[in-house]
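J.: Position one of the sequence shown corresponds to residue 0 (numbering that gives the first Met the number 0), numbered consecutively onward.
All residues carry an ideal CB built from backbone N, CA and C; glycine is no exception.
Have a look at this one before I ask anything.
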Amino acid sequence: MDNYENTLFPPEQDTPVVDPADHQKMMQLAEQLSAAKQEKKELEEQTKAATAEIERLDRELSDLMAKMDCPNFTHAGYTFYLSSRLFASPQSGRKEVLFTALRSNGYGSIVTETVNANTLASFVKERMEENDGEIPEWLSDVVNTHEKISVGVRKK
Numbered sequence: 000m001d002n003y004e005n006t007l008f009p010p011e012q013d014t015p016v017v018d019p020a021d022h023q024k025m026m027q028l029a030e031q032l033s034a035a036k037q038e039k040k041e042l043e044e045q046t047k048a049a050t051a052e053i054e055r056l057d058r059e060l061s062d063l064m065a066k067m068d069c070p071n072f073t074h075a076g077y078t079f080y081l082s083s084r085l086f087a088s089p090q091s092g093r094k095e096v097l098f099t100a101l102r103s104n105g106y107g108s109i110v111t112e113t114v115n116a117n118t119l120a121s122f123v124k125e126r127m128e129e130n131d132g133e134i135p136e137w138l139s140d141v142v143n144t145h146e147k148i149s150v151g152v153r154k155k
């Protein structure tokens, strides 16, 4: 195997004996994984474009329906209707003030504390590194962990 691109080990390493069938299967799986990741990327781009088009058409149709004072209509087997949904979020930098106001006015039950999943995973990993690869006892009864091994792929 002169082509490093299709070999398992860099030329400077001693190469163990590898079954040619296993090597061929691994190369086929690598090609399939690369192709699947590329297809996913293309589909994500198509989804973004479709979402933008849906938003444009939705905005245009809802504006026209409002202009015509038409709250709903049926066409081609579908009922189209105007719907309104309110979105709310804390003002910038005022999250704790909002939480205090909610609690003070008897609505504290809707306030919840959260820990970001990635932050928690990093925290647990750091504690494990400090504790010979084990989750500290004080943490082991309150957190679940699992590891996922996958193949990273990047373009040259």
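If you run the structure through DSSP and keep just helix, strand and coil, what is PHE86?
T.: The residue labelled residue 86 in the question sits at position 87 within the sequence shown. The answer is coil: DSSP assigns PHE86 none of H, G, I, E or B.
J.: If we count Cβ pairs, one from each stretch, closer than 8 Å, do we get three or more for the region 111-126 versus the region 135-146?
T.: yes
J.: I'd like to check one pair, VAL114 with LEU101: are the Cβ atoms closer than 8 Å?
T.: Residue numbering aside, residue 101 sits at position 102 when the sequence shown is read from its first letter. Residue numbering aside, residue 114 sits at position 115 when the sequence shown is read from its first letter. The criterion of a C-beta distance shorter than 8 Å is not satisfied by LEU101 and VAL114.
J.: How long is the line joining the alpha carbons of LYS39 and ALA51, rounded to whole angstroms?
T.: For this step, residue 39 is matched to residue 40 along the sequence shown. For this step, residue 51 is matched to residue 52 along the sequence shown. Taking the straight line from one Cα to the other gives about 18 Å.
J.: Suppose contacts are defined by Cβ-Cβ distances below 8 Å. Is LEU56 in contact with PRO70 by that definition?
T.: Taking the sequence shown and counting its residues from 1, one reaches residue 56 at position 57. Taking the sequence shown and counting its residues from 1, one reaches residue 70 at position 71. Contact flag unset, no.
J.: Give me the Cβ distance between VAL150 and LEU42, rounded to the nearest whole Å; I'm assuming they're in contact under 8 Å.
T.: Looking up residue 150 in the sequence shown gives position 151. Looking up residue 42 in the sequence shown gives position 43. Wrong, their Cβ atoms sit about 20 Å apart, outside the cutoff.
J.: DSSP beta-bridge partners for ASN71?
T.: For the purposes of this step, residue 71 is taken as the residue at position 72 of the sequence shown. DSSP lists TYR80 as partners of ASN71.
J.: What is the C-beta distance between PHE72 and PHE79, in whole angstroms, given that I count them as a contact (C-beta under 8 Å)?
T.: As a working note, residue 72 is residue 73 in the sequence shown. As a working note, residue 79 is residue 80 in the sequence shown. So it is a contact: roughly 6 Å between Cβ atoms.
J.: Helix, strand or coil for GLU133 per DSSP?
T.: In the sequence shown, residue 133 corresponds to position 134, counting from 1. GLU133: coil per DSSP, three-state reduction.
J.: When the Cα atoms are used, what is the spatial distance from LYS94 to GLY107?
T.: Mapped onto the sequence shown, residue 94 falls at position 95. Mapped onto the sequence shown, residue 107 falls at position 108. Roughly 13 Å between the two C-alpha positions.
J.: With DSSP run on the structure shown, which of helix, strand or coil describes GLU112?
T.: Counted from its first residue, the sequence shown places residue 112 at position 113. DSSP places GLU112 in coil when its eight states are reduced to three.
J.: Which of helix, strand or coil does DSSP assign to PRO15?
T.: Mapped onto the sequence shown, residue 15 falls at position 16. Here PRO15 sits in coil by DSSP.
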